[in-house]
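>
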Amino acid sequence: MVKVDKERCIGCGACVAACVELFEMGDDGKAKVKSNEDSKCIKEAIEVCPVDAISQ
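Count along the sequence shown from 1, add 2, and you get the number used in my numbering.
#1: Closest by CA to P52, which one among N38, D29, A33 and V22?
#2: Applying the 10 Å Cβ sphere with the 16-neighbour rule, what's the burial state of V6?
#3: For I56 and K36, what's the separation of their Cα atoms in angstroms?
#4: Out of I12, V50 and E49, state which residue places its alpha-carbon closest to the alpha-carbon of D30.
#5: Please confirm whether V4 and L24 have their CB atoms less than 9 Å apart.
Below is the structure:
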């Protein structure tokens with residue numbers, strides 16, 4: 003299960019750019035998980051997050 007730590011997230015959108023099928027930006031300006039389906043881009047999204055806010 004993929005999670006976004008809202009305390010750490012800075013809303014840069016890198017995870018959305020890397021994996022649009024799993025992430026989207028919420029009304030609070032921070033990333034949120036829109037789907038927990040297995041996707042090949044999960045690892046890339048975790049790696050590109052500059053504040054390590056994404057975990058699996």
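Glycine included, C-beta positions come from ideal geometry on N, C-alpha and C. Here the structure is a predicted model, which means the values were calculated and not measured.
According to the data block:
#1: Locating residue 52 in the sequence shown gives position 50, where the first residue counts as 1. Here the closest residue by C-alpha is A33.
#2: Mapped onto the sequence shown, residue 6 falls at position 4. Buried.
#3: Along the sequence shown, read from residue 1 onward, the residue named residue 56 stands at position 54. Along the sequence shown, read from residue 1 onward, the residue named residue 36 stands at position 34. So the two alpha carbons sit approximately 13 Å from each other.
#4: Locating residue 30 in the sequence shown gives position 28, counting from the first residue. Per the Cα distances, I12.
#5: Taking the sequence shown and counting its residues from 1, one reaches residue 4 at position 2. Taking the sequence shown and counting its residues from 1, one reaches residue 24 at position 22. Yes, the Cβ-Cβ distance between V4 and L24 is below 9 Å.
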